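K.L.:
Dumping the structure here so I can ask a few things about it.
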Amino acid sequence: MAEQKHTKVIMAVFLVGAFFMILNETLLNIALKELMEQFNISRATVQWMASGFMMVIAIVSPLSALIIQWFTTRRLFLFIIVIFTIGTFIAGMAVNFPMLLTGRMIQAIGTGLIMPLIMNTMLMMFDASVRGRVMGLFGLIIMFAPAIGPTLSGVIVDYLGWRWLFFIVIPFMIFAFIFGWRYLENVGEVTRPKIDVLSVILSTIGITGVIYSISMASDMDILSAQILVPFVIGLIAVVIFIRRQLKLEIPILDFRVLQVRNYRRGMLIFVIVVMSLFASEIVMPMYLQGPMGFSAKLAGLILLPGALLNGLLSPVMGRIFDSIGPRKMILPGLVTLLAVMIFYTTIHPGVPVWQFIVAYMLLMVAVAAIMMPSSTNGLNALPMDKYPHGTAIFNVLQPLAGSAGISVFVGILTAVQNNEMSKHAQVTQSVQNHAMTAGLHAAYLFAIALIVIGIVIAVTLTNSAKESKQQVTE
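Take any residue in the sequence shown, note its place counting from 1, add 48, and you have its number in the working numbering.
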């Protein structure tokens, strides 16, 4: 009985820490317009609040499996809380944009480590017979945080100011630290496997170079040296990193899992949806607060029903997936997502608010029907000893795809908007609204092309759970 109570306390500490870290990840989306005005920066620059955050997560994610085996659960959790709190304080006290971005990227170190740590701890603590329920609770928590993020952010920004998006999190981090210090014990064994330092350096250089170039491409000429040089260096580093992993006895990431057909296809669908979703969550609040003229609070409220619906449906989608398999979920989800993107290419400042709300609800239902089934079906296709590598690659690809999606969307929107405004001698508010609307339409045309590719891939999916495991060739 005492052990069961202790287990619940450990999970409560983990979930409080994770909830507020994930919540903080989405709080800033509504505040981007205010940050642009506060620091006098462009839309392409402010997107680094998202792109930079995801870049650090992408750098940390490949290392998480090894880091977890190097430190006790308690020590690593306390480090994560401390590093996240330091980043939060720096961001809240920022006097300029570089200081704000630095704090944000320090936060990302903690966020990039907390998810793998919690998942690993749950697998170790709970028997397989109850693990599904525990994972379902965890899934509900991590989906609820981003669901309330935009609305909570809007209220905080309107009444307290953007700095409180950071300050409000600090007391909960202190609570998590105190309880973690008091109750948390080590779960699993500290084995300290050998870490290939060259692989760490290569992955860091590669991910940094690629994400930096993609993110800056929306604000510069893509053929300029500032874009091409880091991109080429990053790409070369990634290629060398992958080749090295294929030769190492204990690789950081085993890319041979990409030989497995359903894993590869599920991964591609996952990337397409992440690109579209992350970009929408940055671009749409900007449009609602720009041409539509809504306050941050109202923009958050408009997005709330869809986000809540996504959080509530995620556990349900898992049970449906077990019953009917991936294709019957993913295909209708992609078709629904396509319909929403087509609608977004027709919106204008006069569109009724209820249409935005319904469209975003449909978008989030579609995402719930696609993301979990595509990733789960892909992982189901792997041999058991390759699960950690398959999961790690998904964790790396999510921020990479999100950053790429944001950069491409913002780049298309900005380019078309600037082109439209250049046609007018006098740029009035009406001209700006028309130009941004045209840019938004063009950005969602790109999303439509992506989703059509996803539909073609989804048609070829099979149910991995009903097939024999495809072996990975060493």
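Every residue gets a Cβ at the ideal spot worked out from N, C-alpha and C, and that includes glycine.
Computed from a predicted model, the values in this text were never measured in an experiment.
(1) What span of residues does the alpha helix (DSSP H) with residue 370 cover, start to end?
(2) Quick one: using the 10 Å Cβ neighbour count with 16 as the cut-off for buried, is residue 297 buried or exposed?
(3) Between residue 512 and residue 429, is the Cβ-Cβ spacing less than 7 Å?
(4) Rounded to a whole number of angstroms, what is the C-alpha to C-alpha distance between residue 489 and residue 210?
(5) Can you give me the start and stop residues for the alpha helix (DSSP H) that residue 133 sits inside?
(6) Please report how far the alpha carbon of residue 293 lies from the alpha carbon of residue 251, in whole angstroms.
(7) Distance, Cα to Cα, residue 249 vs residue 403?
(8) Given residue 259, which residues of its chain have a CB within under 6 Å of its CB, disregarding the five upstream and five downstream residues?
(9) Tell me the residue span of the alpha helix (DSSP H) that contains residue 282.
(10) From this set, 436, 502, 164, 496, which residue's C-alpha is nearest residue 303's C-alpha?
(11) Taking C-beta to C-beta, are residue 220 and residue 127 nearer than 7 Å?
(12) Tell me the DSSP secondary structure of residue 473 in three-state form.
(13) Assign residue 550 to one of three DSSP states: helix, strand, or coil.
(14) Report yes if the CB atom of residue 448 is closer than 7 Å to the CB atom of residue 106, and no otherwise.
(15) Can you tell me where the alpha helix (DSSP H) holding residue 233 begins and where it ends?
(16) How many angstroms separate the CA atom of residue 49 from the CA atom of residue 58?
(17) Under 8 Å by Cβ, that's how I've got residue 593 and residue 218 pegged, so tell me the actual separation to the nearest angstrom.
(18) With DSSP collapsed to three states, give me the class of residue 243.
(19) When the Cβ atoms of the segment 484-502 are set against those of the segment 362-371, are three or more pairs found closer than 8 Å?
(20) For the candidate residues 339, 202, 509, 165, whose alpha-carbon lies nearest to that of residue 61?
(21) By how many angstroms is the C-alpha of residue 86 removed from the C-alpha of residue 374?
(22) So, for residue 444: in the same chain, excluding its five sequence neighbours on each side, which residues have a beta-carbon less than 6 Å away from its beta-carbon?
(23) For residue 473, count the other beta carbons within 10 Å of its own beta carbon; 16 or more makes it buried, fewer makes it exposed. Which is it?
(24) If I'm right that residue 425 touches residue 314 with Cβ under 8 Å, what's the distance once you round it to whole angstroms?
(25) Considering residue 337, what are the terminal residues of the alpha helix (DSSP H) in which it resides?
(26) Assign residue 226 to buried or exposed, taking buried as 16 or more other Cβ atoms, counted over all protein chains shown, within 10 Å of its Cβ.
(27) Any idea if residue 273 is buried or exposed, counting beta-carbon neighbours within 10 angstroms, 16 or more meaning buried?
(28) Taking C-alpha atoms, which residue in 63, 333, 240, 305 lies nearest to residue 434?
(29) Which whole-angstrom value describes the C-beta separation of residue 264 and residue 281, a residue pair presumed to lie in contact below a C-beta threshold of 8 Å?
(30) Taking only three categories from DSSP, how would you classify residue 396?
(31) Going by Cα to Cα distance, which pick from 158, 134, 508 is closest to residue 147?
(32) Taking 8 Å as the cut-off, does the segment 137-155 touch the segment 75-93 (at least 3 CB pairs, one atom from each stretch)?
(33) Tell me the rounded alpha-carbon separation between residue 324 and residue 394.
(34) By the 10 Å Cβ neighbour count, where 16 or more other Cβ atoms means buried, how is residue 97 classified, buried or exposed?
(35) Let me know the secondary structure DSSP gives residue 429 once reduced to three states.
P.N.:
This is what the structure gives:
(1) Position 322 of the sequence shown holds residue 370. Residue range 344-372 is occupied by the alpha helix (DSSP H) that includes residue 370.
(2) Taking the sequence shown and counting its residues from 1, one reaches residue 297 at position 249. Looking at its Cβ environment, which holds fewer than 16 other Cβ atoms inside 10 Å, residue 297 is exposed.
(3) One-based indexing of the sequence shown puts residue 512 at position 464. One-based indexing of the sequence shown puts residue 429 at position 381. For the pair residue 512 and residue 429, the CB atoms are nearer than the 7 Å cut-off.
(4) Walking along the sequence shown from the start, residue 489 turns up at place 441. Walking along the sequence shown from the start, residue 210 turns up at place 162. Whole-angstrom Cα-Cα distance: 29 Å.
(5) Here residue 133 refers to the residue found at position 85 of the sequence shown. Here the alpha helix (DSSP H) through residue 133 covers 121-140.
(6) On the sequence shown, position 245 is the one that residue 293 refers to. On the sequence shown, position 203 is the one that residue 251 refers to. Spanning the alpha carbons of residue 293 and residue 251 requires a straight line of approximately 11 Å.
(7) Position 201 of the sequence shown holds residue 249. Position 355 of the sequence shown holds residue 403. In this structure, the CA atom of residue 249 is about 48 Å from the CA atom of residue 403.
(8) Mapped onto the sequence shown, residue 259 falls at position 211. Non-local beta-carbon contacts of residue 259 in its own chain, meaning distances under 6 Å to residues more than five positions away in sequence, involve 103, 451 in chain order.
(9) Taking the first residue of the sequence shown as position 1, residue 282 is located at position 234. Residue 282 -> alpha helix (DSSP H) spans 273-295.
(10) For the purposes of this step, residue 303 is identified with residue 255 of the sequence shown, where counting begins at 1. The candidate whose alpha carbon is nearest that of residue 303 is 436.
(11) If you number the sequence shown from 1, residue 220 lands on position 172. If you number the sequence shown from 1, residue 127 lands on position 79. Going by beta carbons, residue 220 and residue 127 fall outside the 7 Å limit.
(12) Counted from its first residue, the sequence shown places residue 473 at position 425. In the displayed model, residue 473 falls within coil according to three-state DSSP, outside both helix and strand.
(13) Absent from the model: residue 550. The displayed extent of the chain is 49 to 522, so no value can be given.
(14) Sequence index remark: in the sequence shown, residue 448 carries index 400 (1-based). Sequence index remark: in the sequence shown, residue 106 carries index 58 (1-based). Result yes, Cβ atoms of residue 448 and residue 106 sit closer than 7 Å.
(15) Taking the sequence shown and counting its residues from 1, the one referred to as residue 233 is at position 185. For residue 233, there is no enclosing alpha helix (DSSP H), as DSSP gives it neither H nor E.
(16) Position 1 of the sequence shown holds residue 49. Position 10 of the sequence shown holds residue 58. Unreliable placement is indicated for residue 49, whose pLDDT of 44 sits below 50; the coordinate value is still reported in the next sentence. So the alpha carbons of these two residues sit roughly 14 Å apart.
(17) Only positions 49 to 522 of the chain appear in this structure, which leaves residue 593 out of reach.
(18) Here residue 243 is taken as the residue at index 195 of the sequence shown, counted from 1. Three-state result, residue 243: coil.
(19) Result no; under three Cβ-Cβ pairs closer than 8 Å.
(20) Sequence index remark: in the sequence shown, residue 61 carries index 13 (1-based). Minimum Cα distance to residue 61 is reached at 165.
(21) Position 326 of the sequence shown, counted from the first residue, corresponds to residue 374. Position 38 of the sequence shown, counted from the first residue, corresponds to residue 86. Straight-line spacing of the CA atoms in residue 374 and residue 86 works out to 46 Å.
(22) For this step, residue 444 is matched to residue 396 along the sequence shown. 106, 109, 110, listed in sequence order.
(23) Within the sequence shown, residue 473 is the residue found at index 425, counting from 1. By the 10 Å Cβ count, residue 473 comes out exposed.
(24) Position 377 of the sequence shown, counted from the first residue, corresponds to residue 425. Position 266 of the sequence shown, counted from the first residue, corresponds to residue 314. A Cβ-Cβ distance of about 5 Å is found for the pair residue 425 and residue 314, placing them in contact under the 8 Å criterion.
(25) On the sequence shown, position 289 is the one that residue 337 refers to. Start and end: 309-337.
(26) Taking the first residue of the sequence shown as position 1, residue 226 is located at position 178. Exposed.
(27) Taking the first residue of the sequence shown as position 1, residue 273 is located at position 225. Looking at its Cβ environment, which holds fewer than 16 other Cβ atoms inside 10 Å, residue 273 is exposed.
(28) Here residue 434 is taken as the residue at index 386 of the sequence shown, counted from 1. Cα-wise, what sits closest to residue 434 is 305.
(29) Stepping through the sequence shown from its first residue, residue 264 is reached at position 216. Stepping through the sequence shown from its first residue, residue 281 is reached at position 233. Not a contact, Cβ separation roughly 14 Å.
(30) Mapped onto the sequence shown, residue 396 falls at position 348. Taken through DSSP and simplified to helix, strand or coil, residue 396 comes out as coil.
(31) In the sequence shown, counting from the first residue as 1, residue 147 sits at position 99. Sorting 158, 134, 508 by C-alpha distance to the C-alpha of residue 147 places 134 at the top.
(32) The segment 75-93 vs the segment 137-155: in contact.
(33) For the purposes of this step, residue 324 is identified with residue 276 of the sequence shown, where counting begins at 1. For the purposes of this step, residue 394 is identified with residue 346 of the sequence shown, where counting begins at 1. Spanning the two alpha carbons is a distance of roughly 17 Å.
(34) The count along the sequence shown starts at 1 and reaches residue 97 at position 49. That one is buried.
(35) Position 381 of the sequence shown holds residue 429. Note: residue 429 maps to coil in three-state DSSP.
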